[in-house]
Amino acid sequence: SGSKTPTPSIALDAESQALFEKLRARRAEIAKEIKLPAYVICHDKTLADMAFKKPRNAEGLLAVHGMGPSRVENYGPRFLEVLTGS
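With this note's numbering applied, the sequence shown corresponds to residues -6 to 79, in that order.
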């Protein structure tokens, strides 16, 4: 794959697009740590929906496309750090 950033199917404003990039970077960190490909953690579409909905807690993450209970449990706190800026 080239260096072009895939454009998610959801139209994101500049703020959400920046958040999407941060979430992608966080996903890459997690993938490296647990030695799994990034897509196993979640797809770009999931990150785009996360950037669009900006959930503030685990409950909110469950409403994100592609985030089931086990993903929220395993990776939710790491994504929420990015989403809440903490």
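Positions of the beta carbon are idealized from the N, C-alpha and C atoms, including for glycine.
Subject >> Start-to-end residues for the alpha helix (DSSP H) that takes in residue 37 >> reply: In the sequence shown, counting from the first residue as 1, residue 37 sits at position 44. Per DSSP, residue 37 is one residue of the alpha helix (DSSP H) stretching across 37 to 46.
**OP:** Go through its chain and collect everything with a Cβ distance to residue -4's Cβ below 7 Å, but skip five positions before and after it.
**Re:** On the sequence shown, position 3 is the one that residue -4 refers to. Because residue -4 carries a pLDDT of 45, less than 50, the predicted location of this residue cannot be relied on, and the following value inherits that uncertainty. Taking C-beta separations shorter than 7 Å and ignoring five residues to either side along the sequence, residue -4 has no partners in its chain.
Original post:
Run through DSSP, which three-state label would residue 24 get?
Top reply: Position 31 of the sequence shown holds residue 24. Residue 24: helix per DSSP, three-state reduction.
Original post:
Which term fits residue 32, buried or exposed, when burial requires 16 or more other beta carbons within 10 angstroms of its beta carbon?
Top reply: Counting from 1 along the sequence shown, the entry for residue 32 is found at position 39. With fewer than 16 other Cβ atoms within 10 Å, it is exposed.
Original post:
How big is the Cα-Cα spacing for residue 76 and residue 64?
Top reply: Your numbering for residue 76 matches position 83 in the sequence shown. Your numbering for residue 64 matches position 71 in the sequence shown. The straight-line gap separating the alpha-carbon atoms of residue 76 and residue 64 is approximately 16 Å.
Subject >> Alpha-carbon spacing of residue 51 relative to residue 62, whole angstroms >> reply: Counted from its first residue, the sequence shown places residue 51 at position 58. Counted from its first residue, the sequence shown places residue 62 at position 69. The alpha-carbon atoms of residue 51 and residue 62 are separated by roughly 9 Å.
**OP:** Determine the direct distance from the alpha carbon of residue 26 to that of residue 18, and round the result to whole angstroms.
**Re:** Working through the sequence shown from its first residue, we reach residue 18 at position 25. Working through the sequence shown from its first residue, we reach residue 26 at position 33. Answer to the nearest angstrom: the Cα atoms are 13 Å apart.
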